Amino acid sequence: MKITGIDCHVLLAPNYDRSLTSSAQDSFIVGIHTDEGITGFGESDVNPWIAKSCIEAPGTHTMSLSLRDILMGADPRCIEDLWQRMYIGTCMHGRRGAGIHAMGALEMALWDLKGKLENKPVYELLGGAQQASIVPYASLQPSGHSFAEYRDSLCAWAQRAREIGFKAVKAEVTMAGPYAHSGLNESFDRHTEVVAAVRRSLGPEIALMVDVQYMWQDAATAIETVGQWKEFDLFFLETPIWVDNLDEYARLHEVAPMKLAAGEWLATHWEFEELIERGKIDVAQPDIGRVGGFLEAKKVCRLAATHDRIIVPHCWKTGLSVTATAHLAFNTSHCAFIEYLPPHLCHETLRRELVQEGFEFKKGRIQLPQRPGLGIEINEEVLRRFKVA
Ligand SMILES: [Mg+2]
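The sequence shown runs 32 to 420 under the numbering used here.
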């Protein structure tokens with residue numbers, strides 16, 4: 032069997048807003064075709080024009096080959112071998128960052144393809160189910176342009192998530208720092224007020240996580256605020272400190288009254304090695320596409336297990352990536368939750384319309400997928416409608 036074609040789709044929701052901190056407004060989807068008429072799909076959370084170029088750019092020498100050329104004509108079933116060939120062949124323009132994120136979409140598509148060929152769900156190809164069901168957490172999206180609107184929108188979403196049956200939610204509480212919502216610049220005490228309000232809306236039973244999106248530069252400043260958050264019983268605090276300040280993460284880990292989570296942006300398990308060993312984070316958050324695909328994500332999972340850490344994957348894309356994340360979670364016993372932007376709780380049209388998820392969400396839990404491959408359905412009409420390159 033041979034790969035006969037690779038489609039790279041750059042998708043952008045017409046209602047996208049550049050001032051929002053939401054990468055679910057665009058998407059990068061690949062389709063890998065074979066001479067047996069079967070197609071596998073993958074997705075990655077990366078600027079889609081850049082990812083397309085990473086795949087389609089011509090190669091010029093052995094250390095900077097074309098990803099497309101490496102795959103065309105190859106046997107799609109030899110996934111590990113193909114990943115190595117892509118990695119080694121693109122070291123001078125890839126190795127980390129966008130090159131790896133683009134490879135992640137291709138690798139995901141190869142697993143979808145292999146599952147369809149062997150008539151098995153991807154989690155089975157990865158080694159089988161280690162969990163009977165998965166608990167997703169609902170990512171709550173704040174809205175509004177003032178402190179009060181921001182707080183109240185989060186509380187309203189929290190109540191809505193509880194009504195739908197979610198057992199866990201994550202609130203973005205970011206009104207200061209590099210990714211402050213809608214130009215807000217509120218005091219850290221007001222962040223504490225928002226966390227308190229969301230916890231009150233949820234009640235004590237539902238697990239609560241908080242994402243502050245790299246709000247602080249160092250541990251000393253962060254602890255002044257998060258040191259007061261013990262009473263809110265957070266499951267974790269996500270990316271409290273700027274991504275490069277790993278020693279500051281380690282310092283905060285020593286004193287914080289909750290687990291620290293990070294890793295959404297990282298490429299390859301080598302970056303996670305540094306994050307876990309030097310940054311001492313408690314919860315590793317690989318994003319399957321960004322980290323380089325399932326095999327890299329599984330290496331991160333093994334690394335976390337070796338260091339007694341847990342996994343809660345990042346996912347802020349369409350149902351394609353959400354479903355891929357569920358397959359990884361089913362295969363990972365120390366995966367506590369997966370991120371789940373519920374289609375009915377979000378305003379991102381791509382998330383809502385492009386892909387039908389490959390699993391059932393019932394009573395707050397994701398049920399074991401049954402269909403071969405990822406088991407997702409792409410709506411071709413929506414794909415055409417959102418495609419810009
Ligand atoms: Mg985040």
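The beta-carbon is built from N, C-alpha and C at its ideal position, and this holds for glycine as well.
None of the values given here were measured: they were computed from a predicted structure.
Minimum C-alpha distance to residue i - residue among the options
i	options	result
Arg396	Phe263, Val331, Ala367, Thr205	Ala367
Ser23	Leu381, Ser53, Glu411	Any question about residue 23 goes unanswered here, given that the chain covers just 32 to 420.
Trp188	Val386, Ile81, His378, Lys151	His378
His222	Leu233, Ile237, Trp247, Ala199	Trp247
Pro374	His338, Leu42, Gln56, His132	Gln56
Arg340	Ser174, Glu304, Arg402	Glu304
Tyr181	Gly130, Ile119, Val204	Val204
Tyr210	Ala44, Cys109, Pro271, Thr252	Pro271
Ile237	Ile254, Asp264, Leu297	Asp264
Ile69	His40, Val343, Gly146	Gly146
Gly406	Leu102, Glu391, Ala298	Glu391
Val314	Gly208, Asp275, Thr380, Ile342	Ile342
Phe249	Gly234, Asp275, Phe266	Note that residue 249 is Asp in the sequence shown, not Phe. Of the listed residues, the one whose Cα sits closest to Asp249 is Asp275.
Arg231	Cys332, Pro400, Leu185	Leu185
Pairwise C-alpha distance: residue j and residue i
i	j	result
Val243	His92	43 Å
Met206	Ile86	37 Å
Glu262	Gly73	41 Å
Glu269	Leu291	6 Å
Pro79	Glu384	18 Å
Ile60	Gly258	41 Å
Val229	Ala202	8 Å
Gly350	Trp142	16 Å
Ile307	Ala335	8 Å
Lys394	Phe197	7 Å
Asn160	Asn150	In the sequence as displayed, the identity of residue 160 is Ala instead of Asn. Rounded to whole angstroms, Ala160 to Asn150 spans 16 Å at the Cα level.
Pro167	Leu98	34 Å
Ser95	Asp106	21 Å
Leu239	Thr65	44 Å
Ala179	Leu376	20 Å
Glu327	His358	14 Å
Glu176	Arg49	The identity of residue 176 in the sequence shown is His, whereas the question assumes Glu. If I take the Cα positions, the gap works out to 15 Å.
Arg193	Val225	17 Å
Pro45	Ala253	37 Å
Glu412	Ala129	28 Å
His284	Gly104	48 Å
Phe219	Leu113	48 Å
Glu138	Val153	12 Å
Leu297	Ala133	13 Å
Ser213	Ser174	8 Å
Tyr280	Glu388	35 Å
The beta strand (DSSP E) enclosing residue i, as first and last residue numbers
i	result
Thr354	Note, Thr354: premise wrong, no beta strand (DSSP E); alpha helix (DSSP H) at 350 to 361.
Val241	238 to 242
Thr70	70 to 75
Thr35	34 to 43
His64	57 to 65
Phe266	265 to 269
Distance cut-off 7 Å: residue i Cβ against heavy atoms of ligand 1
i	result
Gln244	yes
Glu269	yes
Leu379	For clarity, residue 379 is Glu in the given sequence; the question names Leu instead. Checking every heavy atom of ligand 1 against the Cβ of Glu379, none is found closer than 7 Å.
Glu408	no
Ser295	Per the sequence shown, the amino acid found at residue 295 is Glu instead of Ser. Glu295 Cβ: within cutoff of ligand 1.
Ligand 2 heavy atom lying under 7 Å from the CB of residue i
i	result
Gly125	The model depicted lacks ligand 2 and carries ligand 1 instead.
Residue span of the alpha helix (DSSP H) that contains residue i, given as start and end
i	result
Ile101	98 to 102
Ala367	Per DSSP, Ala367 belongs to no alpha helix (DSSP H) and is neither H nor E.
Leu283	277 to 286
Arg333	325 to 337
Ala202	Counting along the chain, Ala202 falls outside any alpha helix (DSSP H), though it belongs to the beta strand (DSSP E) covering 199 to 203.
Ala189	178 to 195
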